[in-house]
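A.B. asks:
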Amino acid sequence: MKIRNNDLSSRNIDIDISDGVSIHLYKEEYNELIRLLLPSMEQEIKDAHAIQEKAMTLHMDCWNFLKEVREHFYDCSDGEYCLRKELSEVNEDKLFETLDKFSKLLGFA
248 MKIRNNDLSS RNIDIDISDG VSIHLYKEEY NELIRLLLPS MEQEIKDAHA
298 IQEKAMTLHM DCWNFLKEVR EHFYDCSDGE YCLRKELSEV NEDKLFETLD
348 KFSKLLGFA
C-alpha cells in the first residue's frame with residue numbers, strides 16, 4: 248500500500264492498494280477517513296486546517312499591502328520595470344488611506 252497526494256489544505260488523499268487499484272478521497276470522504284482512523288487527532292487536524300487557512304489569508308493580505316505601498320513610491324505602469332517616484336509625487340492622502348486600510352494587519356487596530 249502506498250499513500251500519495253495527502254494534502255491537508257485541499258483535503259484529499261490517494262491510496263494505492265495494489266497495482267492498478269487506487270482509492271481517491273476528497274473533502275468529506277477525507278474528513279470521514281480522518282475521523283475513523285484517528286479519532287484522537289480529528290480536532291488537531293481540523294485546527295491545523297483552520298490555522299493554514301488563516302495563514303494563507305494573512306499571506307495574501309501582506310502581499311496586497313506590499314503591492315499597494317509599492318504603487319505609492321514606484322511607477323510600474325509598463326508592467327516590466329518600476330521607476331522610483333520623487334517624494335513630491337507621493338500622494339500623502341492616498342498613502343494614509345492605504346495605511347488605514349491595512350491598519351489591522353500593521354497592528355494599529
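Numbering-wise (this note's numbering), the sequence shown opens with residue 248 and increments by one. Yeah, the Cβ is synthetic: ideal placement off N, Cα and C, and Gly gets one too. None of these values were measured; they are calculated from a predicted model.
1. By DSSP, does Tyr277 sit in helix, in strand, or in coil?
2. Leaving aside the five residues before and after Phe320 along the sequence, list all residues of the same chain whose C-beta is less than 7 angstroms from its C-beta, in chain order.
3. Let's see if you can read the secondary structure: which residues bound the alpha helix (DSSP H) around Asn311?
4. Below 7 angstroms CB to CB, which residues in the same chain sit around Val316 once its five sequence neighbours on both sides are set aside?
5. Taking its Cβ as the centre, do 16 or more other Cβ atoms sit within 10 Å of Ile281, making it buried, or is it exposed?
6. Count the other CB atoms, across all protein chains shown, that sit within 10 Å of the CB of Ile260; report buried if there are 16 or more and exposed otherwise.
7. Could you check where the beta strand (DSSP E) with Ser265 kicks off and where it finishes?
8. When the Cα atoms are used, what is the spatial distance from Leu255 to His296?
C.D. replies: To lay it out plainly:
1. Position 30 of the sequence shown, counted from the start, is the residue given in the question as residue 277. Secondary structure of Tyr277 (DSSP, three-state): helix.
2. On the sequence shown, position 73 is the one that residue 320 refers to. Result list for Phe320: Arg331, Lys332, Val337, in chain order.
3. Taking the sequence shown and counting its residues from 1, one reaches residue 311 at position 64. If you look at Asn311, you'll find it in the alpha helix (DSSP H) that goes 289–320.
4. Within the sequence shown, the letter at position 69 stands for residue 316. Excluding five sequence positions before and after Val316, the CB atoms of its chain that fall closer than 7 angstroms to its own CB belong to Thr345, given in chain order.
5. Along the sequence shown, one-based indexing puts residue 281 at 34. Ile281 comes out buried.
6. The count along the sequence shown starts at 1 and reaches residue 260 at position 13. Buried is the call here.
7. If you number the sequence shown from 1, residue 265 lands on position 18. Ser265: member of the beta strand (DSSP E) spanning 259–265, first to last residue.
8. Counted from its first residue, the sequence shown places residue 255 at position 8. Counted from its first residue, the sequence shown places residue 296 at position 49. About 6 angstroms.
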